[in-house]
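The next block holds one structure in the form of structure tokens; read it before the comments.
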Amino acid sequence: MNPMLRQTGALARRSVVTTIRIPQAWFPSLFFPLALLAIFTASFSNAPGQVPGFPPVRGFLDFAVAGSVLQGVLIAGTGAGTAFAADMETGFFDRLVASPVSRWAILIGRLGASVAQGVVQGLLFLGIAVLFGARVEGGIGGLLILALFAALLAAAIGGIGVILALRTGSAEAVQGAFPLFFVLLFFSSAFFPRETMTGWYRTIADFNPISHIVEGMRIQVIEGGHVRTTLVGLAFALGFAVLSVTISAITYWRRLATEGA
């Protein structure tokens, strides 16, 4: 096996194992999205069919599960950046840079762990939702597309976390950026359709890329086979991921150049 691939796999595996061993690193990304999903489903169970503009769905759970998956990926991606900053604070990052390990493996291993966690978490959320009565109308194809969305979003948010970690070197600073992601989430159509919004809130939701991404995810659950909505969502997610990962790579190599590594 190529040494860089072996090193990348080892570092990604270390990141995943380290996260699993620290409950406070993964528990919030599981608990809070599921708790909000339960609260919203119970509170707005009568919205489908009664609220004007609400899309025809079997139940609010089917509508809201995509937003919960997105929320979980946001938290997990932030956690990846926090862990990277913690490695810098403890000196582990410097030891890696001083070792014969491939420089690319250090970055890709961290982002790969973020992607793996995002995909597993997204599929876990879907599985739990299905147990409580949700149904993915898109079938196996819809599940695969949802996994692709989760992977792209995890790469994008993980990239932002890495950028913040490299810029600040502080795990607390990376965690402090999380509320900004939440603002984007709640000013989108993650938990309620844009058709029911009015005024400035609707304007923000229309221009918020998160709206288009979550709608591309949701269509796999409530309908499936809607090509345009799916492609638009994937385009936004892919663009977000490419931009984030590219900037994180540039920031990473500049940091190494500054340190003479």
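FYI, our numbering numbers position 116 of the sequence shown as 948, with every residue one higher than the one before it. By construction, the Cβ of each residue, glycine as well, lies at the ideal position given by its N, Cα and C atoms. These figures come from a predicted structure and were not determined experimentally.
Whole angstroms is fine: what's the gap from residue 871's alpha carbon to residue 880's? Roughly 16 Å between the two C-alpha positions.
Limits of the unbroken alpha helix (DSSP H) element including residue 1078: Unbroken alpha helix (DSSP H) run through residue 1078: 1059-1091.
Using a Cβ-Cβ cut-off of 7 Å (strictly less than) and excluding sequence neighbours within five positions of residue 955, which residues of its own chain qualify? If we look at residue 955 and ignore the five residues flanking it on each side, its Cβ neighbours are 979.
Within the chosen definition, does the segment 960-967 reach the segment 1003-1020 through at least 3 CB pairs nearer than 8 Å? No: the two stretches stay apart, fewer than three of their Cβ pairs being nearer than 8 Å.
Tell whether a beta-carbon distance below 9 Å holds between residue 948 and residue 844. Contact flag set, yes.
Distance check for residue 850 and residue 892, CA to CA, integer angstroms please. If you take the alpha carbons of residue 892 and residue 850, they lie about 36 Å apart.
Proximity of residue 933 and residue 839 at Cβ, strictly below 9 Å: Yes.
What residue from 866, 975, 951, 973 has the CA that sits closest to residue 960's CA? If we check each option's Cα against that of residue 960, 866 comes out closest.
Report the CB separation of residue 1053 from residue 951 in whole angstroms; it is logged as a contact under 8 Å. The Cβ separation is near 16 Å, so there is no contact.
When the Cα atoms are used, what is the spatial distance from residue 898 to residue 974? For residue 898 and residue 974, the distance between alpha carbons rounds to 12 Å.
Exposure label - residue 1089; buried when at least 16 CB within 10 Å: It counts as exposed.
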